[in-house]
Structures are given as C-alpha cells and as structure tokens.
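Everything on this sheet refers to the single structure shown next.
Number of protein chains: 2
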Amino acid sequence: MPISDNVSKRMMEGSWIRRMFEEGANLRKRYGEEKVSDLSIGNPVMEPPPEFNQEFKKLMKKPMPGMHRYMENAGYAETRAAVAVQLSHETGIKFTVNDIVMTCGAAGGLNVVLKTILNPGDEVIVFAPYFMEFGNYIDNHGGVIRVLPANEQFIPKLEALEAAVTAKTKGVIINSPNNPTGVVYSQDFVRQLGELLRRKEAQYGTQLFLISDEAYRKIIYDGLTYPPVFHHYRHSIVVASHSKDLALPGERIGYIAIHPDCSQRDELVGGFVFCNRVLGFVNAPALMQHLVRNLQHVTVSIADYQKKRDFLYGNLVNMGYSVVKPQGAFYMFPKSPLEDDVTFVNELRQWNVLVVPGRGFGMPGYFRISYCVDDRTLKVSLTGFKKAAQKFKLC
Amino acid sequence: MPISDNVSKRMMEGSWIRRMFEEGANLRKRYGEEKVSDLSIGNPVMEPPPEFNQEFKKLMKKPMPGMHRYMENAGYAETRAAVAVQLSHETGIKFTVNDIVMTCGAAGGLNVVLKTILNPGDEVIVFAPYFMEFGNYIDNHGGVIRVLPANEQFIPKLEALEAAVTAKTKGVIINSPNNPTGVVYSQDFVRQLGELLRRKEAQYGTQLFLISDEAYRKIIYDGLTYPPVFHHYRHSIVVASHSKDLALPGERIGYIAIHPDCSQRDELVGGFVFCNRVLGFVNAPALMQHLVRNLQHVTVSIADYQKKRDFLYGNLVNMGYSVVKPQGAFYMFPKSPLEDDVTFVNELRQWNVLVVPGRGFGMPGYFRISYCVDDRTLKVSLTGFKKAAQKFKLC
Chain A
221 MPISDNVSKR MMEGSWIRRM FEEGANLRKR YGEEKVSDLS IGNPVMEPPP
271 EFNQEFKKLM KKPMPGMHRY MENAGYAETR AAVAVQLSHE TGIKFTVNDI
321 VMTCGAAGGL NVVLKTILNP GDEVIVFAPY FMEFGNYIDN HGGVIRVLPA
371 NEQFIPKLEA LEAAVTAKTK GVIINSPNNP TGVVYSQDFV RQLGELLRRK
421 EAQYGTQLFL ISDEAYRKII YDGLTYPPVF HHYRHSIVVA SHSKDLALPG
471 ERIGYIAIHP DCSQRDELVG GFVFCNRVLG FVNAPALMQH LVRNLQHVTV
521 SIADYQKKRD FLYGNLVNMG YSVVKPQGAF YMFPKSPLED DVTFVNELRQ
571 WNVLVVPGRG FGMPGYFRIS YCVDDRTLKV SLTGFKKAAQ KFKLC
Chain B
221 MPISDNVSKR MMEGSWIRRM FEEGANLRKR YGEEKVSDLS IGNPVMEPPP
271 EFNQEFKKLM KKPMPGMHRY MENAGYAETR AAVAVQLSHE TGIKFTVNDI
321 VMTCGAAGGL NVVLKTILNP GDEVIVFAPY FMEFGNYIDN HGGVIRVLPA
371 NEQFIPKLEA LEAAVTAKTK GVIINSPNNP TGVVYSQDFV RQLGELLRRK
421 EAQYGTQLFL ISDEAYRKII YDGLTYPPVF HHYRHSIVVA SHSKDLALPG
471 ERIGYIAIHP DCSQRDELVG GFVFCNRVLG FVNAPALMQH LVRNLQHVTV
521 SIADYQKKRD FLYGNLVNMG YSVVKPQGAF YMFPKSPLED DVTFVNELRQ
571 WNVLVVPGRG FGMPGYFRIS YCVDDRTLKV SLTGFKKAAQ KFKLC
C-alpha cells in the first residue's frame with residue numbers, strides 16, 4: 221500500500237458529508253438539477269453580500285502594489301486590527317493585532333491551534349453530535365479525541381466533562397451555533413463550563429484550553445445575542461471563518477483569536493504563527509485578507525436563513541418529525557424515524573432527498589439537514605420528507 | 221509551557237529566512253526604504269503578469285454564480301484539466317484531471333504528499349543545501365529527514381544516495397531550479413537519479429517516491445529546457461506553485477501532479493484529496509483556481525530576472541566572490557569570504573544589505589542572495605558587497 225496506514229484507515233471511515241455531496245452530484249446528473257434536493261453539505265447557495273462585491277470593485281479599481289505578495293505569516297496587520305476592533309465591539313474586551321492570526325478558514329485555524337498545543341497522547345474533548353473532522357484534526361497532531369455525550373437538547377453534559385477531565389486533557393472543543401444541531405449554547409452554560417474548567421485547572425495544575433469553533437457565530441436567530449466564551453474563561457481560543465457569514469467557503473479565509481489575558485499569550489501566538497507557516501498554509505490568502513478587512517460587521521442575510529429555518533422546521537414538525545428547534549447555523553438534526561439512520565437516509569434518497577446520517581456526527585439515530593439551499597429546493601424536499609413520514613407512520 | 225515540546229524545539233531552531241525578513245522590516249523603518257537592500261526573502265517585487273489582470277477583469281465583468289463556494293477537495297475539474305494540458309504539452313506525456321490536485325501553494329502540496337505517504341519513522345532524503353522547511357514538513361507527518369551532500373556545483377551526490385537508501389526510505393525530495401543555489405539539474409542527472417531509484421526499489425522491494433518541488437520550474441535562463449522528472453521515473457510526484465511564475469506568493473495557489481503511470485495512482489490521488497481536506501486546506505482558494513486556469517502557459521518576465529542575474533553575478537565575480545552561476549529561480553549562493561557565514565552576514569548588515577546565512581539551508585560557509593527585487597535595490601546592494609569584499613581581501 222503506497223498510503224500511510226493511518227491515512228488509509230481514516231479514509232475507510234470516510235466522511236459521510238462528502239460521500240453524500242458526491243452522491244448528490246450523481247443524482248443530479250441522472251435526474252436533473254431540479255429533481256434533486258441536496259441537503260447534504262453546508263455549501264451556502266447564497267452569494268456573498270453586496271458589500272463584498274463593492275469592496276472587490278473598489279480594490280480592482282485601485283489595486284495596491286504588492287497586494288499578492290507574502291506578508292507576515294500572521295497576516296496583514298491592518299486585517300488583524302480590523303478583526304480585533306470587531307471582537308472588541310462584540311465582547312467589550314480590548315483585543316489588539318497581537319491577539320489575532322489570519323488563517324485558511326476555520327479548518328486551517330483548528331489545525332494550527334491543535335498542532336501548537338498538543339504533545340503526543342494529549343486528550344481533547346468534544347461532545348456528540350460533533351463535526352467529525354475534529355477527530356481527524358486532533359489525530360493529525362498526535363492528540364487523542366474523547367467524545368462525551370450531550371443531553372436531549374444537544375447541550376454538552378457538564379457532569380460527563382467533570383468526570384472525564386484528567387491531567388492528560390489539553391483542551392475542549394465546543395461549536396456553537398452547532399454543526400449539526402443548530403443549537404446555540406446559553407450564557408449560563410458557557411459560564412458553568414468556564415467555572416468547571418478553572419476548577420479542573422486548579423485541581424491538576426494544568427492549562428486547559430477552551431477551543432471555540434465559531435464558524436457560525438454570526439448566523440443566529442430569534443434576536444438572540446451570542447454569549448462570548450471570552451467573558452467566562454481566560455484560556456479561550458476562538459477559531460472563526462468567513463465561509464458562512466460572508467458565503468466564501470471556497471476561499472479559505474478565517475482567523476484565530478486568543479483571549480488577550482490568556483497566560484503566555486505571546487508564546488501561544490508565536491506558536492500559531494509558526495504552525496501556520498510549517499503546516500504549509502504560510503498565510504491566509506492575501507486577496508481575501510484585503511477584502512474581509514472592511515467587512516467584519518457584515519453578514520449574509522440572516523433573515524433569509526431564519527425564514528428557511530421556520531419553513532422547514534414548521535413543516536417537519538407538522539409531519540411528525542421530532543426536531544430540536546435550531547437557533548443558529550443552517551442545520552437541523554431531527555430524530556430518525558428508524559433506529560438505523562443509514563436505512564432511513566437511503567429511504568429519503570429514494571425520493572431524491574439527500575441528508576447525512578447522524579452517525580456521520582458520532583450520533584446514530586438522527587440525521588442532519590443542511591438548509592443553506594434555495595427555497596425551491598427546500599419546497600421540493602418536503603414531498604420526500606412527507607412520503608417517508610407516512611411510510612414510517614409518523615403521521 | 222503551553223506549546224508542544226516539539227513545536228517549541230523547532231521554533232528555537234527558527235527560520236533564518238523569516239528572521240532576516242523581519243530584520244529587514246526593522247532596518248527599513250530605521251534607515252528608510254531606499255537605504256536598505258533586503259535580499260533575504262523570495263518575495264518577488266514583480267507584479268503578476270498583465271495576462272493575470274486581464275483574466276481578473278474578465279471574471280469581475282462576468283462573475284460566475286457560486287464562484288466562491290466549496291468545490292471538490294481536489295479542486296475544479298476545469299482548472300485541473302488546464303494544468304493537465306500544460307503538463308502534457310511540456311512533457312509529451314498524457315496527463316488528465318485525475319493526475320492533478322490543486323493545493324494551497326507548493327508548501328501545502330508538499331505537506332499533503334508527505335502526510336499521504338509517510339508512516340512513522342519513514343525516511344525522506346534531501347540534499348544540502350536545501351530549503352529548510354522540508355525538515356518541518358517531513359517532521360509534521362512523523363517522517364525522519366536524512367540530509368545528503370551535493371558536489372561543489374551543488375548537484376546531489378548520487379554515490380551518497382546509493383549508500384543512504386534503505387528499506388526505510390520512502391522518498392527523495394529534489395528541488396530544481398534550486399532554492400538556494402539557482403542550479404538546474406541536467407537531463408543526464410535526472411536520468412541517472414531515476415535509474416538509481418528503480419534499482420533500489422528492486423533491491424528492497426519498496427516503492428520509492430521522487431518528490432520534485434518545482435516551484436521555480438518556469439523561471440529558467442540561457443535558453444535551457446527543463447528536463448521533466450516524469451521522463452525518467454514513474455513514481456514521480458511533482459509539486460508546483462504559481463507563487464513565483466505568476467508572482468502570487470500571498471495567494472497560496474499551486475498543485476500536485478502525479479505520473480499517470482505511477483502504480484496505484486488512484487489510491488495515491490485519493491490520499492492526496494483526503495489529506496488536503498483533513499489537514500485543513502479543504503481546497504485551494506476558489507478565486508485563484510478560476511484565475512490561473514487560463515494562465516498555465518504564462519509567466520512573469522523571465523528576461524527581466526535573467527538581466528538581474530547577469531548584473532549581480534557579473535558584479536560579484538568581479539569583486540572576487542566565488543559563485544556558482546545560477547540558471548534558474550532567483551537565488552544565488554556565493555561562498556562566504558569568512559568561514560563563519562553568520563559573522564559575514566552580520567557584516568553585510570552593517571552596510572544595510574540583508575542576505576541569509578548558508579546554515580539557514582543546512583550549509584554553513586555560504587550565503588543566499590534573493591534577487592527578485594527591483595534594479596535600484598540590487599544596485600544599492602553593490603556598495604555593501606564591495607565594502608565587505610575589500611574588508612575580507614577578496615579584491
């Protein structure tokens with residue numbers, strides 16, 4: 221076998237999301253675009269907001285000399301400063317350029333953070349259901365994933381965390397608004413989480429990192445305000461991305477932000493910058509750094525997403541599906557009417573509706589719907605969901 | 221220490237290139253832009269060629285719906301097809317989309333290849349002087365670097381390779397045109413290398429990969445033609461980049477190309493695609509993929525680079541420096557007049573000329589000049605080189 225044993229093993233486990241994405245392409249070819257409801261991948265159909273195109277035109281009208289050249293591995297100081305201003309505004313905490321490293325999306329950012337902090341065998345805790353790539357990212361850098369349960373509302377069980385943290389624990393990854401559930405963690409939850417981690421740090425004399433994957437932070441509904449982890453825990457590292465809030469997933473632009481008061485912040489940021497370089501990212505794409513600089517306060521239309529959520533949630537509940545109402549991101553994670561989520565997902569595929577089985581997120585018995593699609597596709601999908609509901613006697 | 225022991229250790233070793241880059245920024249601040257000759261980093265001062273801007277304007281005039289979205293992790297089929305056409309044209313071997321994976325530059329591509337093929341403890345051979353990041357890339361994925369010598373003309377010593385390959389050897393990295401020497405390996409050399417590797421494969425019953433870092437392939441002088449590794453060895457993987465040939469280093473766009481007849485090509489390409497995803501690159505930046513599609517045959521002005529080479533080489537030789545004449549890339553690797561290259565580099569810095577000590581490439585006693593700067597900077601640097609030459613009695 222020419223491929224490393226570990227890569228080979230992990231490839232076999234595969235990615236359900238990408239598998240369904242490819243299946244979707246096949247179905248579309250066979251039945252035609254308009255016949256297939258591909259709700260499998262979080263690849264927003266929305267175009268970037270108009271402000272993005274305005275920035276683009278401005279830049280093209282007056283290109284800066286050297287705008288495609290290397291810059292510091294941390295990214296342009298001007299872009300990092302703009303992110304710092306936005307985070308200061310959101311949190312009331314004073315961020316500076318020194319707290320920010322621009323990255324190739326959140327996926328790049330997470331790899332950079334994990335490589336920086338993990339010694340071989342260090343444990344990183346996640347809560348199911350979870351974005352399965354976390355497992356690959358942790359494994360890339362010699363870490364060991366520990367998966368803990370969430371409750372029925374998909375909120376991580378803190379008593380499980382209490383029991384699981386040991387001297388070998390290096391960090392906890394949370395993701396709110398959550399992929400795949402759309403759940404947003406409350407201020408109270410984040411506060412309790414911070415208290416627990418502080419207590420464990422004191423107990424073991426370790427530094428425990430709270431790594432908050434905030435790829436969906438700005439996609440949040442019902443007038444909710446997002447409770448910043450920075451308010452409740454000093455050893456917090458936020459990894460964010462403009463893939464979803466500016467609809468630029470293919471462009472690979474995001475950032476790492478560390479709490480300004482994190483102990484040994486400078487060493488950590490130095491590590492991030494080093495790892496950004498040696499992992500081969502080198503720097504976040506230059507042009508996108510120029511563009512997102514003035515767009516830190518801009519998002520795609522959240523109202524449009526909320527409308528889609530309302531439409532789909534309302535219809536599914538009416539059909540008898542059991543769904544926790546999402547308050548952010550663009551995912552829904554209903555209970556599968558069949559215990560075997562793969563069988564149910566295959567059933568939906570008979571109706572040209574593509575979703576991802578819950579086991580693709582470490583939680584069999586559920587399935588994930590990605591509703592960042594156009595309204596027509598959502599509407600068409602209802603027939604499939606309805607037929608399946610009837611077949612399995614939900615209604 | 222919050223940072224992993226290994227990252228911490230590797231950070232201490234540091235990157236001479238980046239250290240001098242930062243030193244350059246300091247000196248410029250202190251003495252003014254025009255007083256400092258920063259010849260430390262390969263960050264081309266040239267803007268992308270006019271064809272790049274034309275493509276850009278065309279795209280902006282007629283933006284494609286969904287042009288910033290995710291695509292296959294391997295990259296757009298259209299872009300991969302364009303790379304395949306160009307490689308087929310250059311080599312006379314028939315490449316297809318299935319042989320190409322778009323990457324975040326050559327640095328990203330090398331990490332993807334190494335993660336795909338390396339089991340813990342596998343050895344990868346490089347030849348000094350070499351781009352020191354190779355050591356970090358190999359280490360990222362559990363490999364062990366073995367550094368072998370080159371001859372006085374900076375051509376790898378094949379007898380050393382003959383002796384060094386064992387059953388633990390997984391690959392050999394070569395880099396021609398070479399960073400830091402500018403040397404281009406001859407057809408004869410590549411042929412002999414291919415023969416040696418085939419013989420060793422037969423001897424050990426292993427698959428040995430020739431990984432050819434061709435970031436500078438198109439920057440080649442004196443009417444030379446580039447001898448493709450693909451002509452001489454079937455288990456060849458080329459990693460290329462548009463950082464230098466299109467002057468886009470900050471944009472992170474490049475590719476991996478595998479020999480169409482490589483055994484288990486499909487498994488390997490599947491591994492590259494998987495590793496591109498899980499290392500957090502996900503895909504090469506979408507917009508740049510659209511832009512380089514029609515620019516595969518385009519380069520910056522090679523004549524301009526050759527003129528710079530001639531100017532600098534002629535002057536240095538006249539001053540008494542001992543230099544192997546580079547035939548490609550935009551680097552020169554003269555012998556340091558002092559045995560201690562760091563002392564000599566510090567001496568040059570007294571004259572506001574910044575270069576990188578040879579030990580930054582695993583070869584003390586030399587220094588690297590990067591001449592991808594404007595003519596004025598090169599001219600100003602001559603004073604420093606002259607003063608140093610006089611002080612150390614070269615002339």
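Sequence order for the protein chains is A and B.
Counting from 221, one number per residue, gives the positions in the first sequence under my numbering.
Counting from 221, one number per residue, gives the positions in the second sequence under my numbering.
Beta carbons are placed, not taken as given, at the ideal position from N, Cα and C, and that holds for glycine.
Keep in mind the model is a prediction, meaning the values are calculated, not measured.
Beta-carbon spacing of residue i, residue j below 8 Å
i	j	result
F550/A	G262/A	yes
D225/B	N360/A	no
V344/A	I393/A	yes
G540/A	A609/A	yes
F354/A	V346/A	yes
P369/B	A380/B	yes
L574/A	G244/A	yes
G582/A	M352/A	yes
E310/B	P448/B	yes
V403/A	F429/A	no
S257/B	N572/B	yes
I522/A	M552/A	no
F315/A	P480/A	yes
V600/A	R579/A	no
A348/A	V333/A	no
Cross-chain neighbours of residue i in chain A, by beta carbon under 8 Å
i	result
C495/B	V227
E487/B	M221, P222, I223
I261/B	Y290
N395/B	Going along chain A, no residue has its Cβ under 8 Å from N395/B, so there is no contact; the nearest lies around 15 Å.
N331/B	L499, G500
Contact set for residue i: own chain, Cβ-Cβ below 7 Å, skip 5 residues either direction
i	result
E275/A	L511, N514, L515
E559/B	G585
G295/A	V321, M322, N503, A504, Q509
N356/A	R230
G491/B	T336
G548/A	P397, G402, V404, Y436, I439, I440, Y441
R497/B	N293
Contact set between residue i and chain A, taken where Cβ atoms lie within less than 7 Å
i	result
G341/B	Under the 7 Å cutoff, chain A gives no residues; its nearest Cβ is about 11 Å from G341/B.
Chain-ordered chain B contacts of residue i [CB-CB under 8 Å]
i	result
Q427/A	P222
F276/A	M280
P285/A	E267
N538/A	By Cβ distance, chain B contributes nothing, its closest Cβ being about 31 Å from N538/A, past 8 Å.
6 Å CB neighbourhood of residue i in its chain, flanking five on each side removed
i	result
P264/B	A467, C592
G328/A	F501
V385/A	K420
S461/A	G325, A326, A435, G474
H288/A	A506
Q407/A	P447
P192/A	Nothing about residue 192/A can be reported from this structure: the residues present for chain A run from 221 to 615 only.
Own chain partners of residue i with C-beta closer than 8 Å, once the 5 adjacent residues on each side are dropped
i	result
C482/B	R454, H455, S456, I457, L488
Terminal residues of the beta strand (DSSP E) in which residue i lies
i	result
V458/B	456-461
G626/B	Nothing about residue 626/B can be reported from this structure: the residues present for chain B run from 221 to 615 only.
L432/A	Looking at the sequence shown, residue 432/A is not Leu but Ser. Segment 429-433, the beta strand (DSSP E) holding S432/A.
I439/B	No beta strand (DSSP E) contains I439/B, which DSSP labels as neither H nor E.
F587/B	587-590
V321/B	320-323
Cross-chain neighbours of residue i in chain B, by beta carbon under 9 Å
i	result
C324/A	C324, G328, R472, G500, F501, V502, P505
Q484/A	M221, P222, I223
G621/A	Beyond the ends of chain A as shown, which are 221 and 615, falls residue 621/A; an answer cannot be given.
A467/A	H288, R289
Chain A residues whose Cβ lies nearer than 9 Å to that of residue i
i	result
T336/B	P222, I223, S224, V227
P268/B	H288
Cross-chain neighbours of residue i in chain B, by beta carbon under 7 Å
i	result
E353/A	V498
N360/A	V498, L499
Under 8 Å by beta carbon: chain E residues contacting residue i
i	result
Y357/B	Here chain E cannot be found, since the structure's protein chains are A and B.
Residue range of the alpha helix (DSSP H) that includes residue i
i	result
P270/A	270-281
I237/A	236-251
Counting only runs that start and end within the region 467-546 of chain A, where is the alpha helix (DSSP H) found for 4 or more residues in a row? Within the region 467-546 of chain A, the complete alpha helix (DSSP H) segments of 4 residues or longer fall at 485-498, 506-512, 522-539, listed in chain order.
Quick one: which unbroken alpha helix (DSSP H) runs of 4-plus residues sit fully inside the region 345-411 of chain B? Chain order, please. Runs of the alpha helix (DSSP H) lying entirely within the region 345-411 of chain B, each at least 4 residues long, are 353-360, 378-384 in chain order.
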